[in-house]
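Visitor:
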Amino acid sequence: MNFWFSAGLLIMAAIALAAVPLLVKRRKSSGTSAREANIEQFREQQKELEAQLSQGLIAPALANEMRAELEKKLLSDVPAGHRKGFDVRPGVVMSALIVLLIPLMALPLYWKLGAQTELQVAEALAKPELNSNSLLETLESWQQKKPDNPQALYLLGGRYLALGRMEDSVHAFRRFYQLTDSDQGAAQLAQVLYLKNNSQFDAEVSQLLHEALTRNEFNTTALGMQGIAAFGLKDYAGALAAWDKAFSVETDPEARESLLTGINQAKKMLGEPLPSLRVMVSLAPELQSLPGNTRVMVFARAAEGRMPLAVKPVLVSELPGEVVLDESTAMMMGGSKLSETELLDVVATISLSGDVMNPDYKGEVKSVRPESKEVVELLIEPAG
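Okay, structure coming up:
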């Protein structure tokens with residue numbers, strides 16, 4: 000509805016811009032000066048004719064003929080708009096045609112060339128309450144109208160994959176890869192073929208992964224699968240390297256969480272210790288009366304930084320108590336890992352209003368090394 004209202008306003012604006020200038024009379028100065036010049040010339044010629052007649056230079060009959068010619072010429076020189084009678088300007092007719100033609104041409108052209116279907120798809124994707132069948136029908140309609148649209152194929156392939164329609168998903172992603180010849184096309188096709196083959200790697204999947212990483216060594220989908228392949232062959236170092244590389248550029252929180260799980264598992268198989276901080280959290284005596292269900296946020300961030308790298312929520316009823324901050328509690332919004340940070344600030348906060356940036360109570364210990372094995376003591380007191 001908002002789209003059609005906006006479209007109507009734009010059509011009205013286009014009509015106004017095209018038609019109004021044709022309806023507005025030109026400045027009178029140019030028309031008036033030309034008319035007056037013609038009349039003035041007529042008067043001068045008439046005076047000269049009368050002078051010649053009075054001097055006997057021309058006969059009365061010839062003077063009458065010349066006078067008639069001058070009057071005829073005057074009528075032809077004076078613009079029609081200044082004569083008596085009904086004024087019909089050509090601009091009025093042209094304006095009427097424009098008023099009719101703009102909407103008549105705009106609507107069919109938009110229906111043919113516009114993005115009405117794309118708008119429907121965007122609206123469908125923005126409605127989480129929309130059921131799967133309705134969303135699928137919208138995507139399928141888009142793909143049918145524009146069978147070689149890469150974006151339509153990509154979204155439809157992902158939707159088929161989510162619904163478990165593996166053959167349809169393979170078909171959509173294969174066509175997407177053929178049209179784009181891109182690293183993401185190769186990686187997505189490899190992924191869906193891998194899942195269709197009961198999570199088994201074959202020659203085609205391996206070739207597609209090789210093509211994806213040759214085109215873009217930081218393709219996170221291909222790196223993730225490369226790590227899976229290496230882990231399956233018990234090449235834990237290779238799996239760790241692939242997943243670490245993907246984690247360094249991945250921004251999607253769910254994908255980062257999945258990668259971090261794999262990284263921790265590979266480190267465990269390699270016997271590498273996982274970085275963690277043990278934090279003992281307690282309340283100052285004057286806070287013992289706080290309700291037991293009050294939430295306490297315990298987190299670590301880079302020294303003097305603002306973005307938490309790992310966070311663990313607990314309740315007042317669980318305090319005093321020990322909290323472990325490690326990679327499993329890491330924030331998945333694109334920040335660094337605990338092991339990649341030289342110094343950490345460890346903080347615990349309570350905000351009765353819900354404003355985490357301005358807590359009512361707080362405890363903090365600065366410049367803690369991630370590799371430290373000592374327990375960090377945090378005492379929560381009223382924030383100063």
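Residue numbers for the sequence shown follow numbering that gives the first Met the number 0, so the first one is 0 and each next one is one higher. Glycine included, each C-beta is placed from N, C-alpha and C at the ideal position.
In whole angstroms, give me the CA-to-CA distance for Q44 and I38.
Guide: 10 Å
Visitor: By the three-class DSSP mapping on this structure, what secondary structure does G231 have?
Guide: helix
Visitor: With DSSP run on the structure shown, which of helix, strand or coil describes S247?
Guide: coil
Visitor: What would DSSP say about R42, mapped onto helix, strand or coil?
Guide: helix
Visitor: Give the straight-line distance between the Cα atoms of K24 and A67, rounded to the nearest whole angstrom.
Guide: Confidence at K24 is low in this model, with a pLDDT of 49, below 50, so the placement of that residue should be treated as unreliable; the coordinate-derived value is given next. When rounded, the separation of the alpha-carbon atoms in K24 and A67 is 33 Å.
Visitor: Take the Cβ of V375 as the centre, count every other Cβ of all protein chains shown within 10 Å, and call the residue buried at 16 or more, exposed below.
Guide: By the 10 Å Cβ count, V375 comes out buried.
Visitor: Let me know the secondary structure DSSP gives K267 once reduced to three states.
Guide: helix
Visitor: Run the proximity test for Q45: is its beta-carbon closer than 8 Å to any non-hydrogen atom belonging to the ligand ZN?
Guide: This structure lacks the ligand ZN, and indeed carries no ligand of any kind.
Visitor: May I ask you to report which of helix, strand or coil DSSP gives D182?
Guide: helix
Visitor: Among K145, L343, L318 and S133, which residue has its Cα nearest to the Cα of S371?
Guide: L343
Visitor: Going by DSSP in three states, A283 sits in which element: helix, strand or coil?
Guide: coil
Visitor: Is it the case that the Cβ atoms of L194 and M165 are separated by a distance below 9 Å?
Guide: yes
Visitor: Hey, would you say F172 sits closer than 9 Å to Q187, going by beta carbons?
Guide: yes
Visitor: Cα-Cα, which of E303, R174 and L378 is closest to A283?
Guide: L378
Visitor: Please say whether S366 and A302 have beta carbons closer to each other than 9 Å?
Guide: Note that the C-beta distance between A302 and S366 is below 9 Å.
Visitor: Which residue marks the beginning of the beta strand (DSSP E) containing R158, and which one marks its end?
Guide: Here R158 belongs to no beta strand (DSSP E); instead the alpha helix (DSSP H) covers P149 to A161.
Visitor: Looking at the structure shown, is R66 part of a helix, part of a strand, or coil, going by DSSP?
Guide: helix
Visitor: Taking buried to mean at least 16 other C-beta atoms within 10 Å of its own C-beta, is L269 buried or exposed?
Guide: exposed
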